[in-house]
Every structure is written in C-alpha cells, then in structure tokens.
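Chains as they are written, first to last, in this note's numbering: chain A, 1 to 142; chain B, 143 to 427.
In this text, a Cβ means the ideal position worked out from N, Cα and C, and glycines have one as well.
Please read the structure below before turning to the comments.
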C-alpha cells in the first residue's frame, strides 16, 4: 500500500512557485476553454494535490471509516486548505472541482456520501435526478 | 509466432458491475446493453485466445498525481482488482505473463515509445468489467493478460494520433513475439459521456456512431481530432475513445466486423461494443 505519511500540502507547493495564481495559470493551464467543462490540467493538479490525495486514500475502507468518523480531522490530516475543507463540508461538486478536485478522485468522496454519478450530474446541472435521467434517455432519440 | 486474432472494444461503466452482482442482466434498463455480449462470447469460445492485451485507463486506483505515467505497461505475475471506494465488487487477481510483458516493453522502447513498467499494478473497473463481460467465468478466460494504461486523468493527455501509433507499435510487438500465441486486443471505455461540470450528462450519438463505423475500415480518420476536439465533441470522459483507437490500430491484417452494439444510456454514458476479427495477418518478417 502507498505511504500516506508524506506531508506535501498544496500551500507548500504554492510557495515553491514564484508566480502569482494568474501567472501559474498561464504556465500550467490547458489552452482551450470549453463551456461547462473543467479541464484537469497542471494548474489544477498542483492546486488540488492535497484534496485529491485525501480522496485517493478513500480507496481503503479503513480510511473511509476514519473520514466518516471525523471529516474535519481527516481533512486536516491531509493538509486541505480552507476552500477545500469548506467544499468537502458543502458536498457541492462544483465547489470541489473549483478547489482543484479531479472527478475520478472526487468520485470516491461522493461514494462516501452515498452519491452516484446521476446524483452528482443532477447537482451540477441544477436539475432533479429524475430530470437528469430523462435528459440522458433523451440523448438516444437524437 | 504470436498473432492477433481480433479486437474487442467495450464501455466499462462501473454500474455494470453492480448490475451483474444483483443479477439485473434481463432487467428492462440493462437488457439492451447485455444483449450485445452473447455473440462476442460465442466468438471467444470459438477462437479461444491465449492472452489478452488490454488498453484501459486507471481512474485513481493504482496511479496518483505523485507519479502519473502517460503510458504504463503491466509486467507483473498478477494484477489485483481491488476496492475502488464506492461499492462495486472487487474481482481479485488476474494472471499476468511477465515474459510477454517485457517483450512488449523492449519492443516499444526500441520504437521510441517510453512507457512506465509496473511490476505491481492494481487494475480498476476499466480492466475488470470488460474481462467480466467477455468471460463471466474467470476460469474460461485467457491464461494471461497484459494491461496497458493510458492516462486520461491529468492533462495533457496523449493525442488520438499518439495512441494510434502506440497501438500500431503494440501490434508489431505482439507479432514479433516468438511463442505461438493467439492474442486478443481489448480497448475499454467510452463512448460519449461527461461526469463533471455544467455540461455533465453530455452525449453525442451521431459522433459515436461515426467513430464505430470508422474504426472498422478507416481508423486513421479519427486521428485528426485533438484531445480538446474530443472533449468538446464527445464529453470529457468521451476521450476514452483513445483506448478504442489504440486497440484497433494494433491489427494489421484484413479486418472484418463480427458484431457491434450501441445503447443510450447506461448510467451517464453511451455504451458501445465492437468486435473486429483480424484475418489473414501477414507472416511477420
């Protein structure tokens, strides 16, 4: 199993970079903007490292149990910043993505909350789960 | 010499494993998806491949951002499908063939591809679900597998053109292996879907059907798309099409479509299945 004792917080990583957030974006970000489609590029991978590392740990049941027993303590153990801790508390996928989360790692967090991909699709698009499912079914008729 | 008997591409939506575990294959929601597989299983029963080479993408089970290879080749005695954190059953060990894997590695690196080699490698649903769909009883499956992971987690992702060339190089690696083996090449993922952002739930039926058509006779037609083109046209997870492109590119003989299926939706995804047979492959030089 992987060693989770490594303590590389996103803050530490930010300090090693001499640029402002905007300059960092220019250096690492993907080029094209596609509406409603966050691209997990270098900029997000750097900014979201701690959050994604915490989510990655949830592959293991013992870690999921520890997270569910005390979410805030678990987030602090993985050095999440305030924005990331608040995003976890909110269960809001768009906020988690904005905080640097990657959808594949976030799926493990969503699983802890009992949310499946239709639930998070509905949440992100502001639809009811039934309306989101109907939208998926409708794509067959196009 | 080893030869490629065919190529099978299929979606790997995690919910499929849940449906199998609950015995829902004949359920009205699932039946149009599962009905695609009996003809493919019948072909496998007839051809009986010895080894499966599987192009798939890891979704955060084996690889993390501390070490994210663009291409990775499994070179282990066995590969464990373990818990991914959200409740689908894990399927235990799949046998490897390190000797064959190292041959593939040597051949790829000689051809200027530089994959990571993995002597330990957990394989996630993108590997295990297609294996389960193709061989519901593990004991009837190939004696070994070579998993080849393509990064679709962290951008920049390798282009469709690069994945096509990788597939061609893997095809040459297989054809140059001295053991008399029948190899099936599998590509998993897709087709159009998007899980994250305001465009979640995006599906593009006409693009998917065009791709399934081109993969049969003219796969090179798909390499003009960039990754960003694919994201825009087929959704941010629709880029998993690159696994289908790589698998198809491995075949060098006369290619015939044996079976296909397409159904919307399975979970958030347009689910596709394609079986191509590789006939009259020329003898390796």
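- Residues of the stretch 53-71 of chain A that bring their beta carbon within less than 8 Å of a beta carbon in chain B comprise 53, 55, 56, 58, 59, 60, 61 and 64, in sequence order.
- In the DSSP annotation of this structure, the continuous segment of the alpha helix (DSSP H) that includes residue 68(A) starts and ends at 61-69.
- At a Cβ-Cβ threshold of 8 Å, residue 58(A) and residue 115(A) do not count as neighbours.
- By the Cβ-count criterion, residue 143(B) is exposed, with fewer than 16 other Cβ atoms from all chains shown falling within 10 Å of its own Cβ.
- Within a 10 Å sphere around the beta-carbon of residue 68(A) sit fewer than 16 other beta-carbons, which makes this residue exposed.
- Between residue 217(B) and residue 240(B), the beta carbon gap of about 5 Å places them in contact (Cβ cut-off 8 Å).
- Residue 236(B) carries a strand assignment under DSSP once its states are collapsed to helix, strand and coil.
- Under the three-state reduction of DSSP, residue 154(B) is assigned to coil, being neither helix nor strand.
- One alpha carbon belongs to residue 418(B), the other to residue 394(B), and they sit about 12 Å apart.
- Listed by position along chain B, the residues whose Cβ is nearer than 7 Å to that of residue 135(A) are 343.
- Assignment of beta-bridge partners to residue 417(B) by DSSP yields 150(B) and 401(B).
- The secondary-structure analysis by DSSP pairs residue 216(B) across a beta bridge with 260(B).
- Shown in chain order are the members of the stretch 204-234 of chain B whose Cβ falls below 9 Å from a Cβ of chain A: 206, 207, 208, 210, 224, 225, 226, 227, 228 and 229.
- For residue 295(B), a Cβ of chain A is located within less than 8 Å of the residue's own Cβ.
- Taking a contact to require three or more Cβ pairs closer than 8 Å, the stretch 229-236 of chain B and the stretch 166-186 of chain B do not qualify as touching.
- DSSP places residue 287(B) in the uninterrupted beta strand (DSSP E) bounded by 286-292.
- The beta carbon of residue 381(B) sits closer than 7 Å to those of 294, 299, 369, 372 and 373, all from its chain and outside the five residues before and after it, given in chain order.
- Here DSSP, grouped into helix, strand and coil, assigns residue 330(B) to strand.
- Flagged as an interface residue toward chain A: residue 338(B), by a C-beta distance shorter than 8 Å.
- The beta carbon of residue 95(A) lies closer than 6 Å to those of 87 in the same chain, with the five residues before and after it left out.
- Ranked by Cα distance from residue 72(A), the options 54(A), 60(A) and 61(A) are led by 54(A).
- For residue 202(B), at least one C-beta of chain A is nearer than 8 Å to its own C-beta.
- Nearest neighbour of residue 361(B) by Cα position, chosen from 287(B), 401(B), 282(B) and 385(B), turns out to be 385(B).
- Residues of chain B whose Cβ lies closer than 7 Å to the Cβ of residue 117(A) are, in chain order, 337, 409 and 410.
- Within the same chain, Cβ atoms closer than 6 Å to the Cβ of residue 290(B) are found at 197 and 215, the five residues on either side in sequence being excluded.
- Residue 309(B) sits close to residue 392(B), with the two beta carbons spaced by under 8 Å.
- Excluding residues up to 5 positions away in sequence, 405, 408 and 413 lie with their Cβ nearer than 7 Å to the Cβ of residue 175(B) in the same chain.
- Three or more beta-carbon pairs drawn from the stretch 258-276 of chain B and the stretch 221-230 of chain B are found closer than 8 Å, and the two stretches are therefore classed as touching.
- Three or more beta-carbon pairs separated by less than 8 Å link the stretch 273-289 of chain B to the stretch 190-205 of chain B, which places the two stretches in contact.
- Here residue 223(B) is bridged, per DSSP, to 234(B).
- Look at residue 394(B) here: in three-state DSSP terms it is coil, with no helix or strand label.
- Residue-level contact by beta carbon holds for residue 373(B) and chain A, with a gap shorter than 8 Å.
- The straight-line gap separating the alpha-carbon atoms of residue 252(B) and residue 292(B) is approximately 19 Å.
- With its beta carbon at least 8 Å from every one in chain A, residue 402(B) lies outside the interface.
- No Cβ of chain A is located within less than 8 Å of the beta carbon of residue 301(B).
- With its beta carbon at least 8 Å from every one in chain A, residue 321(B) lies outside the interface.
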